[in-house]
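Q: Each protein sequence line maps, in turn, to chains A, B, C, D and E. If you're matching positions, the first sequence starts at 1147 in my numbering and goes up one per residue. If you're matching positions, the second sequence starts at 86 in my numbering and goes up one per residue. If you're matching positions, the third sequence starts at 13 in my numbering and goes up one per residue. If you're matching positions, the fourth sequence starts at 15 in my numbering and goes up one per residue. If you're matching positions, the fifth sequence starts at 4 in my numbering and goes up one per residue. We put the beta carbon where it would ideally sit given N, CA and C, even for glycine. It should be emphasised that the depicted structure is a prediction, and the values quoted were computed from it without experimental measurement.
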Amino acid sequence: MALLEVKNINVYYGKIHALKDLSLNVDKGEIVTLIGANGAGKSTTLKTLSGILKPRSGSVQLEGDELTRYPAHQIVTRGMIHVPEGRRIFGRLTVQENLEMGAFTVKNEQLNRTNLTKVFDIFPRLKERRKQLGGTLSGGEQQMLAMGRAMMSNPKVLFLDEPSMGLAPVLVDSIFENVRQMHASGMTILLVEQNARIALQVASRGYVLQTGSIALADTAANLQTNEMVRKVYMGEA
Amino acid sequence: MPTKFQRWKERITATDIVMWFIGFALLVFIILGSILTLRAGRYTPVQWFDFVIYGLAQGSIYALVAMGYTLVYGVLRMINFAHSEVFMSGPFTAYYVAAYFYRSSLLESHPVICLIIVFIVSMTISTLIAFLLERIAYRPLRNAPRLIPLITAIGASFTLMYLFRGLYGTGFQAYPVWEIFSGKWALFKGLEIGKIQVFVIFAAALVMVALYLFIQRTRIGKAVRSVSEDKEAASLMGVDIDKTISVTFIIGGAAAGAAGVLYALVFKQVFFMMGFIPGIKAFTAAVLGGIGNIPGAMLGGLLLGLLESIGPALFLDGFNIAAPYQLKDAIAFLVLVLVLIFRPTGLLGERLAVKKA
Amino acid sequence: PPTDPLGVVTIKPGEPIHIAYWFVTAGSDSTLGIDTKRGVEIAIDDIKNNLLGHKIKFDGQDSGCNAEGGQAAATKLASDPTIVAAVGSNCSSEAKPGAPILWNAGIATVSPSNTAPYLTDPKRGPTYDGYLRTAHNDKVQGAVAADFAFKSLKVKKAATIHDGSVYAEQLANVFAETFKKNGGTIVAQEAVAPTDTDMKPVLTKIVTAKPEFIYYPIFVAAAGHITRQVKEVSGFEKVALMSADGAFSVDFYKAAGESAVGMYHSSPDFEAFGKVYEDFIQKHIKKYGEKTLAPFHAHAYDAANLIFKAIEKVAKQEKDGTLYIGRKALRDALYATKNMKGITGSINCNQYGDCADPRIAVYKTSPENVKTLVMPKKSFWKPY
Amino acid sequence: MDGLDIEIKEKTIHSVIGPNGAGKTTFFNCITGFYKPEAGEILLENHSLVGLMPDRIVRLGIARTYQNIRLFPDLTAIENVLVGMHAHLKSSYLGIILNTPFVKKEEQEAEAEANRLLKFVNLETKANMLSKHLPYGDQRRLEIARALATRPKLLCLDEPTAGMNSGETQAMCDFIQSLRDDLGITIMLIEHQMRVVMGISEIITVLDYGKKLAEGTPDEIKRNPKVIEAYLGQGSAAQAH
Amino acid sequence: MEQIRAIWRYGIKVGIIGGIVLILTALIGMIEVFTQRQIIADVVSMGHALYLAAGLFICYLAAERTTPAKPLWIISNSMFAGLTTAFFLVLLIILGRHVNLRLMFINASDLLLNNLLTFGVQGNDGLRLLLIAGMGVGLFTGLFYLLPKFLRTVILWSLAGSAFAGVLQELIRPILANNFPDVISEWLLTSDGLTLKGALSIFIFIALIVISWSIKGGGIRQGWQGLPKKQQSTWRTIGTIILLAVILIAPWRLGLFMSEVMTIVGLYVLLGLGLNIVVGYAGLLDLGYVAFFAIGAYVTALITSPEIMNLNWSFWSAIPFAIFFGILAGVLLGVPVLKMRGDYLAIATMGFGEIIRLLVLSDALRPFLGGSQGIGQIAKPQVLGFVFKGPQEIYYLIVAGCMLVIFVSWRLKDSRIGRAWKAMREDEDVAQAMGINLVSNKLLAFGTGAGFAALSGVIFGSKIGSIYPHSFNIMVSINIVCLIIFGGIGSIPGVIVGAAALIGLPELLREFAEYRFLVYGIALVVMMLIRPEGLWPEEAHKRELHEDKTNEATG
Ligand SMILES: Nc1ncnc2c1ncn2[C@@H]1O[C@H](COP(=O)(O)OP(=O)(O)OP(=O)(O)O)[C@@H](O)[C@H]1O
Ligand SMILES: Nc1ncnc2c1ncn2[C@@H]1O[C@H](COP(=O)(O)OP(=O)(O)OP(=O)(O)O)[C@@H](O)[C@H]1O
Ligand SMILES: [Mg+2]
Ligand SMILES: [Mg+2]
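If you want it as structure tokens, here you go:
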């Protein structure tokens, strides 16, 4: 059985039907990517999974546990964490405190310490800047902090929403390097990206979202060669 | 190339000139008044010392109430207009306990225990009111535009005020005297200091430091800070927003309840409108210090207390103005405007994040 | 039925006699209004709610203790033709625009608590013809206090504090004028706000002027703060304190505590009527579950009786019980009141509507008064 | 920002790139009067801009868009554009109250022009929608239309393609080019997507730590080792876009 | 099991809340005070009506919340809610027998506890009766809830209408006397309360209106939309003319007091429209607005009164001066607060308002401004010997003022300046970057608002004849802010409706003194909770708020 199983969710913003009967699943240890045009509903999907939005119908199950009935903050304790679009780190907290906020739901001190070393291993830059206020970090560092902060909650599944947005090309490379490292350390990841080429390189499977519903689902390799995907999402003529 | 004068003319606007002029005029007025007063030598150093102590005692009460405003402002970005009624409800209710102790002579035999109980009762009631207030009146409006919770708060303020008036009556009630606080301690050379003032200043400082540490050091405090920055991100970290906001109101309520008892110990009278003026003053203090900022609230409160106590004597006496103490609030507000002219976000306030363009 | 230049109110059998109040019954000054309203209610109880065989319907409007409230309340009363007479207002600022409106509708009004001199000034003009009061004109009371300070206590230097209310400011001014005329000096004239609590700074300022006497004719709450805090400011040990009837109530003792011992108040001479007043207080506690709230309930009681007596005098009654009350006749009867025994003294109305007993006495508070929360029974000094 | 010297030629598309936090947006903020440089000069056609209020600068002919879209969310699309025209309208307070013929005419003309601009950005059908209800891409274009309404000589675009996929990005590139070609507006562009930068700009300035690292044509920049180290990296991201 | 849970969730819990609410209602003295007035003479007093209405409301709430909505569940929940509520009151009464509650709750009189709350039956019988009554009310409500929605609406409207007529009888009386033959008044009213037949006829009358509207209303609306444009506009013109005529004759038909109320409301409309420009259009939260009102009134007083300056000029000559000084003050205040935002601005302006009041009150400026004694003998407006004396005359002056101000607001709203204000409200920085001069536009907003307020102050001063600093306290500013948001921020008709609701209604209910403020407070809270966009919102706002709400539901 899949680790995360999403079945036929429908989400509305007022009258706007943002997600239509959307289903997907993520297996343990996978990187799955979700690609799609602006406004296709990628962020909406992640927000629904992490409980910020409530679907009008459908189910989200993590290891068989129905999650739609929990509020957002309880979903974190059940092992899903969401790194939102635009990073959303706490600007007036220090890097260290930001990471501690990530571990808000983890009461086990021991575990926190091991997680922290793990984060610092993957993101040595953060270790250098522990005392600095989050708001003063550069864009790339903020993205690292957001990802590190998410790892602190010891999640089973990590959602990344456009980690490369607005980053310089060098940083895009290093962020995806980090994603690979996290995956290597055993993390299951659901990745939303505009940069389809790079996303499909790291992912094992992918979904293509069009106006709120899944248009295509396949392995990353197949998607990379898919005509339509190449044309629309990877910009190849 | 444009001439120097043209450059200057293009850049300095009339408003700058007017603003500087206003600021300058006020400053001159204040400084001149102070010099004249000091030259007249009307007050002895002991009396100046007394002014300071009175101001600090009053100011610490403002500061405690201001904490409630600032905390709530931090998490909800709203003026909790009803906080003044939170401040009123506790001590007004605890009066009946104090009166009972007084009637049954318990107050004489166990003053400290009685005081603690009065504090507990007052803080409990204030906390409860603050908590319910948030649950009933503010929670459903989490995402409403800014002015709407303000109106609800004003409505809640009226409701609470007149509810308590209905329950306990229009008249005021006078707290009994705690003998341990009456009298003064002599320091040296005729310098004396009232016991109650000392107690108020210390108690308030204690509560404030405790609150500050709570917000800075504890897990819940961190949750409060993160919620005040970004609610959605905080909830993604597993923070229960509703609970955290409730906690904020509870802390603010407890501080207001404690401030209320201190107020009642100094000024004795409690009644249904007792919160209105201190509430406005405390909010002013919070703004003066930079709203949303806890040390700012403390600083603002103390400063406002000092201004009210010293201001009229220091700034106005020299001009021989009739009844200067009538203008003490005017002075306080003038200084507030003056501070905001030069620091539009209060003394310790950060520049309201000029939203990154 | 009789005729009257201003109209006649007809009260059919079984219908009540409608008397209305315009008091401040809401907001920050409402203690004043509720206190006076209760005074009238007790007066109605005392005549067993029966005037010439009719019940009394007593209702009214909140006047807010400000000019616009007074105007609105008076307009509302003026538009109700069943109203025979009114009691009110509380604050002089309400009466100024309000009284002419009532009189324009032929309604005479008796105020239990307006003290501003201009309301009964000879120059007030005919629009105030329907206005009377049982409260003391500030001119009388302020002068008594000044005479007392100068002649009896023999102080030469005095200070005054008012609270920005029409009442207190007027009293303080009259005091200062009389005191200076007597030959004393006013060393400080200060003002506070009625909502102020910390009076120590202003007191410290006053102490630098070295007065021997402070007169603060303000209301209970602020007067309580001042009295208490005087003890906390050094330099006041030998200074005599005096307030006026606005703070002459049990509540003041609660507010000021022990510090009130030894201070003076000017107030109507209760001595002759002590027993009646005691009874009144007992009825009040029984009826309302608390002590009186403000100082003018007795004046209100007297104002009500003034109206009842005048109605009894002028009402024409038919056999079936129908009453006819001429408005002008009622007004004249009110103005003609002489030597009516009231709780605040002997009520005598002059041609401008001042009805209060001019006998004002000075009282001194003893430790027993404060401890047992009873007002002093014997006056300390009388000007007559 | 530190000792920066940039010259922008008329009717060019000039890109500014650089690592995150290099000071690109800050540079825009200085030009448009949000921040005041502590030292130095900014000249537009020989007119000094330093220390002028943003509204003066707009009137002199510089308009901008924002990295995170900043429309007036509760105003309709056409109202957003009309606000952009504010500086060029002349009706006075009294005139408005009396609704003089001049005011009437001016309003009509303004509305017509606003509609033309909306048409230019393909939003003519959505003129009466609240701007916050528009989809992301429409909002980007509306923001540009609003900036155009100020009749700029120089238009500063801050990451106009952020968060767009390749197809959308291409459309935006075409649009930017048409601005220059059809309207003759000089364009300054901040971007991270190399495909945009390399594809349409004539000159590129690279910033790092507030300093100018390099300047030149796209080809020169692509090969500049300093730029590769600090910004482009060796990886796939640079080549892909 | 399920049902027991439901009973606890929807019945008993609601009942507990109801119990607390009713206990509070009783302890604040509302029931006792209101029993002294009759709604229907000798049948039901206002106190008992309130008491019952609260009970009904609670049971209705319990019924409404019940899910799943099975009839039996509904009835049982509503009965449990009623019973629980009654039970709480019984507890209160029993407590009152053993402890002297009056030491704390001054209204807990014997009369209240042992007579009024138990419908006049004393002793334990009373308690039993109370419990039975609680269940009865619950049963009744439950059954009522099961009626078809249409019937419920009709009954609710009719009941509310009759109750309203009873509460406002004092008002209805003079209006009936002025306009209709005496028989109607005698049919409807006694000297205290409605007659029973009167109440019934009102009930039936309203029921008929509601029924016919719901049957015909849709048709009328459709018919209207079906009309050609031309005809619509003719009808509109006719409507406007009728409306104008009604406005013009209103004071003489409605009598002295209603005219007074209308003039007061009118003054607040003037004030509200001015503040609406500052807060609603430009988004600058100004809590010191009363200062300009005060300035208008004081300038008028100084210029026209023989006291203090002894100029004795006419009322009309005061208008330009007052407005000039008002605008000047607005601009002067505007300058120092230009850089402040949001709540900093609110507090700074509030401080300014207080400074003005304190200066006017102060002894220091007493020789120039009259101090606490105020200034009297302000001139009344006169035209060719006609004196605007009472409210019925001043009314016309205010109507004229309102029309002028409405016109100006309306013209500005969608103009270049109005758009600049709106842009500033949404995002100041960006507005500036669009070429909007913040300084001049903010000052324009402050100045316009201040001018309106000063005009209002002129009329106020002259209407009242004597002014005191007391009239210009901060509550006035707060009231105005409340009324524009209550009416619908940024909306011109909203200001009028808001003023009518928040100023007019309390004015009509003056005799209920303190309870009127309590109700005012509750109304503000409830209104913001159920209809945050206000009574008559601006179109855009309405859409926005409703969408956010639906977001809430899903999100
Ligand atoms: N708060 C909101 N209110 C109304 N509509 C919204 C809201 N947020 C998103 N939408 C709409 O929902 C749809 C999906 O939005 P979503 O943010 O999920 O897109 P996305 O795929 O993440 O796009 P992007 O690449 O721009 O991030 C869009 O049409 C958008 O306009
Ligand atoms: N208001 C501010 N206060 C303090 N520091 C600021 C402020 N605005 C920007 N900075 C700092 O100035 C530096 C340059 O920021 P800027 O926004 O110009 O970067 P950028 O080049 O636009 O980066 P990106 O590509 O991520 O948008 C950063 O280090 C940033 O943290
Ligand atoms: Mg997205
Ligand atoms: Mg940038």
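Interface residues of chain E around Gln83/C at Cβ under 7 Å?
A: Start at 1 with the first residue of the third sequence, and residue 83/C comes out as number 71. Chain E residues near Gln83/C: Ile467.
Q: Compute every distance between the C-beta of Ile1162/A and the non-hydrogen atoms of ligand 1, then say whether any falls below 7 Å.
A: Walking along the first sequence from the start, residue 1162/A turns up at place 16. Under cutoff, so the answer is yes.
Q: Only counting the same chain, and skipping five residues up and downstream in sequence, which positions put a Cβ closer than 7 Å to that of Ile278/B?
A: Residue mapping note: residue 278/B aligns to position 193 of the second sequence, counting from 1. Within the same chain, Ile278/B has close Cβ partners Ile138, Lys269, Trp270 and Leu272.
Q: Interface residues of chain B around Leu305/C at Cβ under 7 Å?
A: One-based indexing of the third sequence puts residue 305/C at position 293. In chain order: Thr255 and Gly256.
Q: Report yes if the CB atom of Gly75/D is closer than 8 Å to the CB atom of Lys167/D, and no otherwise.
A: Counted from its first residue, the fourth sequence places residue 75/D at position 61. Counted from its first residue, the fourth sequence places residue 167/D at position 153. Cβ distance < 8 Å, so Gly75/D and Lys167/D count as in contact.
Q: Closer than 9 Å, Cβ to any Cβ of chain A: which residues of the region 306–339 of chain B, in chain order?
A: Within the region 306–339 of chain B, the qualifying residues are Lys307, Ala308, Arg310, Ser311, Ser313, Glu314, Asp315, Glu317, Ala318, Ala319, Ser320, Leu321, Met322, Gly323, Val324, Asp325, Ile326, Asp327 and Lys328.
Q: Taking 8 Å as the cut-off, decide whether the C-beta atoms of Gly148/B and Gly345/B are in contact.
A: On the second sequence, residue 148/B is found 63 positions in, with the first residue counted as 1. On the second sequence, residue 345/B is found 260 positions in, with the first residue counted as 1. According to the sequence provided, residue 148/B is Ala. The question's Gly does not apply to it. No, the Cβ-Cβ distance between Ala148/B and Gly345/B is not below 8 Å.
Q: Please report the distance separating the alpha-carbon of Arg154/D from that of Ala163/E.
A: Your numbering for residue 154/D matches position 140 in the fourth sequence. Your numbering for residue 163/E matches position 160 in the fifth sequence. Answer to the nearest angstrom: the Cα atoms are 52 Å apart.
Q: May I have the straight-line CA-CA distance separating Pro509/E from Arg160/D, to the nearest angstrom?
A: For this step, residue 509/E is matched to residue 506 along the fifth sequence. For this step, residue 160/D is matched to residue 146 along the fourth sequence. The alpha-carbon atoms of Pro509/E and Arg160/D are separated by roughly 47 Å.
Q: Per DSSP, which residues does Gln385/E bridge with? Please list them.
A: Here residue 385/E corresponds to residue number 382 of the fifth sequence, with the count starting at 1. DSSP lists Val390/E as partners of Gln385/E.
Q: In whole angstroms, what is the alpha-carbon distance linking Ala99/B and Arg428/B?
A: Taking the first residue of the second sequence as position 1, residue 99/B is located at position 14. Taking the first residue of the second sequence as position 1, residue 428/B is located at position 343. C-alpha separation (whole angstroms): 19 Å.
Q: From Val170/E to Trp160/E, what does the alpha carbon distance come to, in whole angstroms?
A: The count along the fifth sequence starts at 1 and reaches residue 170/E at position 167. The count along the fifth sequence starts at 1 and reaches residue 160/E at position 157. So the alpha carbons of these two residues sit roughly 15 Å apart.
Q: Considering Glu1151/A, what are the terminal residues of the beta strand (DSSP E) in which it resides?
A: For the purposes of this step, residue 1151/A is taken as the residue at position 5 of the first sequence. Leu1150 to Tyr1159 is the extent of the beta strand (DSSP E) around Glu1151/A.
Q: What does Ala176/D touch in chain A if you count any residue whose Cβ is under 8 Å from its own?
A: Taking the fourth sequence and counting its residues from 1, the one referred to as residue 176/D is at position 162. Going along chain A in sequence order, the residues near Ala176/D (Cβ under 8 Å) are Met1311 and Gly1312.
Q: In chain D, which residues lie less than 8 Å from Leu447/E when you measure between Cβ atoms?
A: Numbered from its first residue, the fifth sequence carries residue 447/E at position 444. Within chain D, the residues near Leu447/E are Tyr107.
Q: What does the alpha-carbon distance come out to for the pair Ile1344/A and Met1311/A?
A: Counting from one through the first sequence, the residue named residue 1344/A turns up at place 198. Counting from one through the first sequence, the residue named residue 1311/A turns up at place 165. Cα to Cα, the separation comes out at about 12 Å.
Q: Got a sec: which bits of the region 1212–1230 of chain A sit with their beta carbon under 9 Å from any beta carbon on chain B, in order along the chain?
A: Within the region 1212–1230 of chain A, the residues whose Cβ lies closer than 9 Å to some Cβ of chain B are Pro1217, Ala1218, His1219, Gln1220, Ile1221, Val1222, Thr1223, Ile1227, His1228, Val1229 and Pro1230, listed in chain order.
Q: For Asp430/E, return the contacting residues in chain D, with the cut-off set at a CB-CB distance below 7 Å.
A: Residue mapping note: residue 430/E aligns to position 427 of the fifth sequence, counting from 1. The contacting residues are Arg84 and Phe86.
Q: Three or more C-beta pairs closer than 8 Å, one from the region 252–268 of chain E and one from the region 447–455 of chain E: is that the case here?
A: In short, these stretches do not touch, since the Cβ pair count stays below three.
Q: Just the C-alpha distance for Val219/C and Tyr410/B, rounded to the nearest angstrom, thanks.
A: On the third sequence, residue 219/C is found 207 positions in, with the first residue counted as 1. On the second sequence, residue 410/B is found 325 positions in, with the first residue counted as 1. Distance between the alpha carbons of Val219/C and Tyr410/B: 14 Å.
Q: Considering Cα atoms alone, identify which of Thr1334/A, Glu1151/A, Ser1203/A and Met1328/A is closest to Asp1211/A.
A: In the first sequence, residue 1211/A corresponds to position 65, counting from 1. It is Glu1151/A.
Q: For Gln258/B, which residues does DSSP report across the bridge?
A: Along the second sequence, read from residue 1 onward, the residue named residue 258/B stands at position 173. Looking at the DSSP assignment, Gln258/B forms a beta bridge with Val355/B.
Q: For Val424/B, which residues from the same chain have a beta carbon less than 8 Å from its beta carbon, with the 5 sequence-adjacent residues on both sides left out?
A: For this step, residue 424/B is matched to residue 339 along the second sequence. Hits under 8 Å: Leu373, Gly431 and Leu432.
Q: If contact means a Cβ-Cβ distance below 7 Å, which residues of the region 31–42 of chain D contact chain A?
A: Against chain A - using a Cβ distance shorter than 7 Å - the residues of the region 31–42 of chain D are Pro33, Asn34 and Gly35.
Q: Measuring alpha carbon to alpha carbon, tell me which of Phe70/C, Lys168/C, Lys299/C and Lys376/C ends up nearest Glu514/E.
A: Here residue 514/E corresponds to residue number 511 of the fifth sequence, with the count starting at 1. Checking every option, the nearest Cα to that of Glu514/E belongs to Phe70/C.
Q: Could you give the DSSP three-state label for Glu120/D: helix, strand or coil?
A: In the fourth sequence, the residue the question calls residue 120/D occupies position 106. Note: Glu120/D maps to helix in three-state DSSP.
Q: Just checking, does the region 369–381 of chain E make contact with the region 167–186 of chain C on the three C-beta pairs under 8 Å criterion?
A: Counting Cβ pairs under 8 Å, three or more are found: they touch.
Q: Counting C-beta neighbours from all protein chains within 10 Å, is the total for Val171/B 16 or more, i.e. buried, or is it exposed?
A: As a position in the second sequence, residue 171/B is number 86, starting the count at 1. The residue in question, Val171/B, is buried, as its Cβ has 16 or more Cβ neighbours within 10 Å.
Q: Determine the chain D residues that contact Asn313/E at a beta-carbon separation under 8 Å, and present them in chain order.
A: Here residue 313/E corresponds to residue number 310 of the fifth sequence, with the count starting at 1. Going along chain D, no residue has its Cβ under 8 Å from Asn313/E, so there is no contact; the nearest lies around 36 Å.
Q: Can you give me, in chain order, the residues of the region 365–385 of chain E that have a beta carbon less than 8 Å from any beta carbon in chain C?
A: Correct list: Ser365, Asp366, Gly374, Ser375, Gln376, Gly377 and Gly379.
Q: For Asn440/E, which residues in chain D fall below 7 Å Cβ to Cβ?
A: Position 437 of the fifth sequence, counted from the first residue, corresponds to residue 440/E. The answer, in chain order, is Asp69.
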